[in-house]
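Colleague:
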Amino acid sequence: MLPYRIGQGYDIHRLIPEKPMMVGGVRIESPVGSEAHSDGDVLLHSLIDALLGACGLGDIGDHFPPTDEQYKNISSTVLLQKVLPLIAQAAYTVGNLDATIFLEKPKLGPYKQQIRENLANLLNLSLDCVSVKAKTAEKFPPVGTQEAIAASVTLLMRRIS
Ligand code: MG
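The opening position of the sequence shown corresponds to residue 8 in the numbering used here, with each subsequent residue numbered one higher.
1) At a threshold of 7 Å, does ALA43 count as lining the ligand MG (C-beta to nearest heavy atom)?
2) To which residues of the same chain is TYR78 closer than 8 Å at the C-beta, ignoring the five residues directly before and after it?
3) Would you mind listing the alpha helix (DSSP H) stretches within the stretch 110-135 that are 4+ residues and don't spill past its ends, in chain order?
4) By the 10 Å Cβ neighbour count, where 16 or more other Cβ atoms means buried, how is MET8 classified, buried or exposed?
5) Terminal residues of the continuous beta strand (DSSP E) containing PRO92?
6) Which residue marks the beginning of the alpha helix (DSSP H) containing ILE35, and which one marks its end?
7) Just checking, does the stretch 92-110 make contact with the stretch 58-65 on the three C-beta pairs under 8 Å criterion?
8) Select from ILE35, ASP18 and SER53 the residue whose C-alpha is nearest the C-alpha of LYS26.
9) Given a threshold of 16 other Cβ atoms within 10 Å of its Cβ, counted over all protein chains shown, does LEU134 qualify as buried or as exposed?
10) For the ligand MG, which residues have a Cβ under 5 Å from at least one heavy atom, in chain order?
11) DSSP three-state call for GLN77: helix, strand or coil?
12) What does the alpha-carbon distance come out to for the pair THR28 and TYR99?
13) Give me the residue from GLU42, ILE19, LEU58 and ASN125 with the minimum Cα distance to GLY151.
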């Protein structure tokens, strides 16, 4: 068994009016939110894919098919909480993670620390092991034209001895 494994995840959702915007489990004040079957939290979806990918356990769509009615409007925090035991069962734990959110508006600067703290709590990590960065797309589509929100997560997993 490898002592370390890396994982990466990426997700993008279309933005539509009057949908709550959730990023990393934190509610963002915004007139638009992700069009999605679940709550459309691109950061938690990327995190879930990175965790599953690192452990060779497939992807978020394998575990939570969008056609399955039981996952309609489900909180992505709940999805993450269903995935964490699978990671523990595979005998891996997160070492550190580095995330980037791509969003033109609203600016996420005021939320970055809260998102970071929430991820650290969800994963039972110290704050210095969790990095959350936010970027705009310089007006280039689809993120820059405010049509989409995206996120990517890279993480290192450590084998539990
Ligand atoms: Mg998604």
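From the three backbone atoms N, C-alpha and C, an ideal C-beta is built for every residue, glycine too.
Remember, it's a predicted structure, so these values are computed and weren't measured experimentally.
Modeller: Reading from the atomic positions:
1) The residue given as residue 43 occupies position 36 in the sequence shown. Result yes, Cβ under 7 Å from the ligand MG.
2) On the sequence shown, position 71 is the one that residue 78 refers to. Excluding residues within five positions, the ones whose Cβ falls inside 8 Å are HIS44, SER45, PHE71, PRO72 and LEU86.
3) 119-130
4) Position 1 of the sequence shown holds residue 8. Flag for MET8 reads exposed.
5) If you number the sequence shown from 1, residue 92 lands on position 85. PRO92 -> not in any beta strand (DSSP E); alpha helix (DSSP H) instead, spanning 83-96.
6) Working through the sequence shown from its first residue, we reach residue 35 at position 28. Counting along the chain, ILE35 falls outside any alpha helix (DSSP H), though it belongs to the beta strand (DSSP E) covering 33-35.
7) yes
8) Taking the first residue of the sequence shown as position 1, residue 26 is located at position 19. Of the candidates ILE35, ASP18 and SER53, the one whose C-alpha sits nearest the C-alpha of LYS26 is ILE35.
9) Here residue 134 refers to the residue found at position 127 of the sequence shown. That one is exposed.
10) ASP18 and HIS52
11) If you number the sequence shown from 1, residue 77 lands on position 70. Here GLN77 sits in helix by DSSP.
12) The sequence position of residue 28 within the sequence shown is 21, counting from 1. The sequence position of residue 99 within the sequence shown is 92, counting from 1. With the sequence shown as reference, residue 28 is identified as Met, and Thr is not the correct amino acid for it. Approximately 31 Å, taken between the alpha carbons.
13) Numbered from its first residue, the sequence shown carries residue 151 at position 144. Per the Cα distances, ILE19.
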